[in-house]
Amino acid sequence: MKTADPELMRAINRLSVLDTIRRNGPISRIEISKRTELSTSTVSAITASLIDDGLILSRHEGDLRNAAARGRPRVMLELNPEASRIVGAKIAATRMTFVVANFSGEVLSEFSLPVRIDRMPIDVIADLVEDGVRACVMDTGLTLSEIDMICLGIPGVVEHRTGVVRSSPIFSDENVDFAAVMSPRFGIRTIVESDVHAVTLAHHWFGKARHLDDMVLISLERTLGLGVLHKRELFRGAGGLSHNLGDLVLGSSADGISRLASLAGESAILGDGPRGGLYADAIRLGRGISHAQTLIAAKDTQIISAAERAGEAVGVTVANIVTLFAPPRVILVGASLALGKPFIDRLTEGFNCAIPPSLADVSELVFDDADDFFWARGAAAVALYELYESPWSTTGPAL
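Heads up: the sequence shown at position 391 corresponds to 390 in numbering that gives the first Met the number 0, and the numbers run straight through without jumps.
Okay, structure coming up:
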C-alpha cells in the first residue's frame with residue numbers, strides 16, 4: 000500500500016493549524032489540537048515554526064505580575080497582521096473598488112473609482128485599474144514594493160490558473176489574458192479571479208459563512224455567478240474556471256433554449272421597463288436597478304412582473320443547486336436583491352415549490368446586500384488564500 004507523502008502531510012497539517020488560528024484566534028494550543036485532531040506535540044512544533052516564520056504571534060492571557068494568581072497565564076496564538084499586505088479589487092462595468100488588507104484580512108485603506116469602463120479598450124481599462132491600485136496603496140502610506148500580491152475580481156468566466164478572462168461584460172473581446180496585461184505594470188504577482196469567487200471567500204473569511212466548511216453562493220449582478228465552497232476550498236472547473244450560472248438551461252421549446260440569464264439577468268429584468276427618459280439614462284449609467292426600485296415603489300406593473308419572473312427563475316435554480324449539493328447554507332448576493340419584495344418573495348416561493356420534500360430542511364437561504372468594498376475584500380481574501388491556504392500554492396510566505 001502506498002503511504003502518504005510525509006512532506007505533503009506536514010504541509011497540510013501546517014495549513015490546517017494556520018487556518019484554525021485564522022478562524023478562531025486568539026486560540027490556545029490545546030484548543031487547536033482539539034479542533035484539528037492533531038496531537039499536542041505536533042501542534043506545538045507547527046506553531047513554533049509559524050512563530051519563527053513571523054506568520055503568527057503569541058500573547059499571554061492573564062496577569063504575569065500577580066504572583067498570587069492561581070495557575071499560569073494561558074498562551075494565546077493569533078495571526079501576525081504584519082506578515083503580508085495584499086490588494087483586492089472589484090472591477091465592475093461602472094465602478095472599480097479597491098482595498099489594501101493585511102495578513103489578518105483587516106482593511107488598511109479603501110478607494111472607489113466611479114467610471115464606466117465596459118467596452119473601453121483594454122489598455123484604457125488597464126490604466127484605470129493601475130491608477131486605482133496605486134492610489135489605494137498610497138493611501139496606506141505604503142509603496143507597491145511592500146505589497147505581496149494583487150487580486151483583481153472580474154465578472155464573467157475567468158480561468159483562475161492562467162488569468163485569462165474567457166468572457167466578461169466589461170471586455171469587448173473574448174479570451175483576454177488580463178493577468179499578463181496587468182502584472183508588468185506592478186512588478187508583483189497579479190492574479191485575476193471571478194468576482195463571485197471573491198465574494199464567496201469574503202463570506203467564508205469574514206461574513207455569513209465564517210464557520211462553515213461547505214456552502215454555496217449565488218451572485219445576482221449584471222452576470223449571474225455561482226461559488227461553491229467544499230471542505231473550506233473553492234471548487235473550480237477545468238483550468239480553474241469560474242461558473243457562469245446565467246448560461247444554465249432552464250428549458251427548451253420550438254423557439255429555442257431558455258437560459259437563466261434570459262429570465263433573471265439584469266438586462267432581462269430592466270428590459271421590461273420604460274424605453275426612454277430617466278429610466279433609459281439610469282440604465283446607461285449603470286443605475287438601472289436603483290431606478291427600478293423607484294418604479295416598483297410606484298407600482299409599475301411591468302417592472303414588478305419582470306422582478307417576479309426573475310425571482311421565480313432564481314428560486315427554481317437554487318432548488319436545483321440544493322438538490323445537487325445539499326449545502327447547509329445558500330447565500331444570495333448582488334444588485335438584483337435591491338428589487339425587494341416582489342423579487343425575494345417570488346424567489347422564496349419558487350424555491351419552496353421546486354425543492355424535493357426530502358431536502359426541504361437541508362439548506363438555509365441567506366440574503367446579503369454586501370457593498371462593493373466587501374466584494375473587493377473578498378478579492379483580497381483570494382490573494383491570502385493563494386498565500387497560505389492552498390496546499391498547492393508556491394507563492395507568498397513559506398508555509
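Beta carbons are placed, not taken as given, at the ideal position from N, Cα and C, and that holds for glycine.
Among the options, the one whose alpha carbon lies nearest that of residue i
i: residue 137; options: 314, 176, 103 and 99; result: 99
i: residue 150; options: 247, 121, 194 and 166; result: 194
i: residue 12; options: 104, 183, 49 and 160; result: 49
i: residue 217; options: 210, 245, 209 and 190; result: 245
i: residue 268; options: 349, 55 and 305; result: 305
i: residue 349; options: 316, 60, 51 and 34; result: 316
i: residue 405; options: 379, 141 and 152; result: The shown model of the chain, from 0 to 398, leaves out residue 405, and the question about it has no answer.
i: residue 228; options: 210, 37, 178 and 175; result: 210
i: residue 370; options: 127, 37 and 91; result: 91
i: residue 23; options: 285, 230, 224 and 205; result: 205
i: residue 128; options: 180, 270, 142 and 297; result: 180
i: residue 121; options: 43, 57 and 174; result: 174
i: residue 242; options: 326, 366, 166 and 361; result: 166
i: residue 159; options: 196, 123, 379 and 325; result: 196
i: residue 325; options: 240, 361 and 157; result: 361
i: residue 346; options: 314, 320 and 298; result: 314
i: residue 222; options: 4, 41, 169 and 202; result: 169
i: residue 60; options: 74, 38 and 36; result: 74
i: residue 176; options: 140, 224, 143 and 125; result: 125
i: residue 379; options: 270, 200 and 298; result: 200
i: residue 224; options: 320, 213 and 383; result: 320
i: residue 148; options: 119, 178, 21 and 171; result: 178
i: residue 367; options: 164, 213 and 202; result: 202
i: residue 171; options: 322, 155 and 118; result: 118
i: residue 58; options: 27, 31, 97 and 7; result: 27
i: residue 9; options: 21, 44 and 32; result: 44
Beta-ladder partner(s) of residue i, from DSSP
i: residue 370; result: The partner list for residue 370 (beta bridge, DSSP) is empty, contrary to what the question assumes.
i: residue 189; result: 149
i: residue 321; result: For residue 321, which the question treats as bridged, DSSP gives no partner whatsoever.
i: residue 75; result: 27 and 58
i: residue 328; result: 363
i: residue 299; result: Answer is none; residue 299 lacks a bridge partner.
i: residue 89; result: 96 and 152
i: residue 350; result: In DSSP, residue 350 forms no bridge with anything.
i: residue 242; result: 225
i: residue 175; result: 164
i: residue 256; result: 251
i: residue 108; result: 99
i: residue 84; result: 101
Integer Cβ distance of residue i from residue j, believed to fall under 8 Å
i: residue 295; j: residue 318; result: Actually they do not touch by this definition, with Cβ atoms about 25 Å apart.
i: residue 363; j: residue 190; result: Actually they do not touch by this definition, with Cβ atoms about 31 Å apart.
i: residue 132; j: residue 86; result: 6 Å
i: residue 265; j: residue 302; result: Wrong, their Cβ atoms sit about 12 Å apart, outside the cutoff.
i: residue 161; j: residue 285; result: Rounded, the Cβ-Cβ distance is 29 Å, inconsistent with contact.
i: residue 14; j: residue 46; result: Contact doesn't hold; Cβ gap of about 13 Å is too wide.
i: residue 17; j: residue 54; result: 7 Å
i: residue 34; j: residue 208; result: Contact doesn't hold; Cβ gap of about 17 Å is too wide.
i: residue 381; j: residue 192; result: 5 Å
Heavy atom of the ligand SAM within 7 Å of residue i beta-carbon
i: residue 290; result: Among the components of this structure there are no ligands whatsoever, and the ligand SAM is therefore not found.
(message) What ranges does the alpha helix (DSSP H) occupy inside the stretch 0-30, keeping only unbroken runs of at least 4 residues that lie completely in it?
(response) Complete alpha helix (DSSP H) runs here, min 4: 5-23.
(message) Across the stretch 227-235 and the stretch 291-310, are there enough close Cβ pairs to call them in contact, namely three or more that are closer than 8 Å?
(response) Touching, no, given that fewer than three Cβ pairs across the two stretches are closer than 8 Å.
(request) Check whether the stretch 244-252 touches the stretch 178-186, counting contact only when three or more Cβ pairs, one atom from each stretch, lie closer than 8 Å. (result) Counting Cβ pairs under 8 Å, fewer than three are found: no touch.
(request) Taking only runs that begin and end inside the stretch 194-238, name each unbroken beta strand (DSSP E) of 3 or more residues, in chain order. (result) Whole beta strand (DSSP E) segments, 3+ residues: 214-219 and 223-229.
(request) Count the CB pairs spanning the stretch 373-388 and the stretch 340-356 that are closer than 8 Å, and state whether there are at least three. (result) No, the stretch 373-388 does not touch the stretch 340-356.
(request) Pair every Cβ in the stretch 354-363 with every Cβ in the stretch 256-268, then say whether three or more of these pairs are closer than 8 Å. (result) Contact between the stretch 354-363 and the stretch 256-268 is absent, because fewer than three Cβ pairs lie under 8 Å.
(message) I want to know whether the stretch 324-338 touches the stretch 105-121 - three or more CB-CB distances under 8 Å.
(response) As far as the Cβ criterion goes, the stretch 324-338 does not touch the stretch 105-121, which means the pair count is below three.
(request) Take every Cβ of the stretch 201-218, pair it with every Cβ of the stretch 319-332, and state whether three or more of those distances are shorter than 8 Å. (result) In short, these stretches touch, since the Cβ pair count reaches three.
(message) Threshold first: 3 residues or longer. Then list the beta strand (DSSP E) segments lying entirely within the stretch 119-169, N to C.
(response) Segments of the beta strand (DSSP E) lying fully in the stretch 119-169: 148-153, 156-158 and 163-166.
(message) Pairs of beta-carbons, one from the stretch 102-111 and one from the stretch 77-85, closer than 8 Å: are there three or more?
(response) Remark: three or more beta-carbon pairs, one from each stretch, lie closer than 8 Å, so the stretch 102-111 and the stretch 77-85 are flagged as touching.
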